[in-house]
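Visitor: First, the structure itself, so that you have it in front of you.
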């Protein structure tokens, strides 16, 4: 279990610091989100996954295009352990991102490589590539620039034939991403259009199973790890996602609740009452970094312990032994295993 993608700028520096310190203490990684590689991510000493989104923040030219030299400078930092290319996210697949002007301080502008005091827009798609083969080439480029560090990509599944095209491109180019992060349509945010939050993107359960089976059928699964994200909150959530093919999981919502998020739905207003999603110094003062760091580490520890107890209760010795037959669900008055439900 690790910290899913959440950007500095969307989150306060206090929140980023609390997450990073908790990750270091608990020995799990912290994903930067698409907002760039900030000093607050690097200062904690946690293992960092640097996410590269469509805005190429911290690695962009003045015109918004990808800058290989800037990327290499950040990627070679020892704290950066992996690189994740963000294609889409469950909270708003097919939609760009927006950081309101009031959140774009001089510091944020410097980190992201944008103009201060102006709304920052991440476009819906990448300019560095436009098709599956281009994605593979970009994976290889980032791998070379980072000195061979693991590189993968994150997506929320849409049309299934498009993912099959990605599998075909990987097979043809023999450029294997080290991992694929599957983000469920349940993925949350406090700043996205209502319809995108609630109705766009495949649910994680079905998407995760499809991706795992597709990679196996294409003969690619042995080369690629699968990461699951989207409403991962408990030991059972971990158990279920592993049964469907995940090698590991990321959590954003759980980590935010551990820091004290009360779901006030003010993330995009800069008025978060808990100091988590604001740049207002007075509101940030309410977030005590040392205590929240311990809560993040404790949430992680207890959640993983819960998974271990479930694994033992199922008569298994290791999470790798979990499969869909270990979970039952009710469908149309019948009790089916998860495998039967998904294949019905």
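Residue numbers (our numbering): 7 to 350. We put the beta carbon where it would ideally sit given N, CA and C, even for glycine.
(1) Ends of the alpha helix (DSSP H) at residue 333?
(2) Looking at the structure shown, is residue 41 part of a helix, part of a strand, or coil, going by DSSP?
(3) Three or more C-beta pairs closer than 8 angstroms, one from the segment 206 to 225 and one from the segment 140 to 154: is that the case here?
(4) What did DSSP end up calling residue 233 once you bin it into helix, strand or coil?
(5) Give me whichever residues DSSP pairs with residue 104 in a beta bridge.
(6) By a C-beta neighbour count over all protein chains shown, 10 Å radius and 16 as the cutoff for buried, is residue 268 buried or exposed?
(7) Taking C-beta to C-beta, are residue 30 and residue 60 nearer than 7 angstroms?
(8) Could you check which residue in 213, 145, 338, 289 has the C-alpha nearest to that of residue 162?
(9) Between 177, 262, 278, 192, which lies nearest to residue 228 when the distance is taken from Cα to Cα?
(10) Verify whether the separation of the beta carbon atoms of residue 63 and residue 42 is less than 7 angstroms.
(11) Spell out the partners DSSP gives residue 14 in its beta bridges.
(12) Out of curiosity, what's the CA-to-CA distance linking residue 284 and residue 16?
(13) To which residues does DSSP link residue 341 through a beta bridge?
(14) Three-state secondary structure (DSSP) at residue 158?
(15) List in chain order: all unbroken beta strand (DSSP E) runs of 3+ residues lying wholly within the segment 26 to 98.
(16) Where does residue 184 fall in DSSP's three states?
(17) Going by beta carbon distance, what residues of the same chain come within less than 6 angstroms of residue 148, once the five residues before and after it are set aside?
(18) Kindly indicate which three-state DSSP category residue 116 falls into: helix, strand or coil?
(19) Rounded to the nearest angstrom, what separates residue 244 and residue 255 at their Cα positions?
Guide: A quick look at the data gives this:
(1) Segment: none, residue 333 is in no alpha helix (DSSP H) and carries neither H nor E.
(2) coil
(3) no
(4) strand
(5) 127
(6) exposed
(7) no
(8) 213
(9) 177
(10) yes
(11) 17
(12) 7 angstroms
(13) 336
(14) strand
(15) 54 to 58, 86 to 92
(16) coil
(17) 89, 157
(18) helix
(19) 7 angstroms
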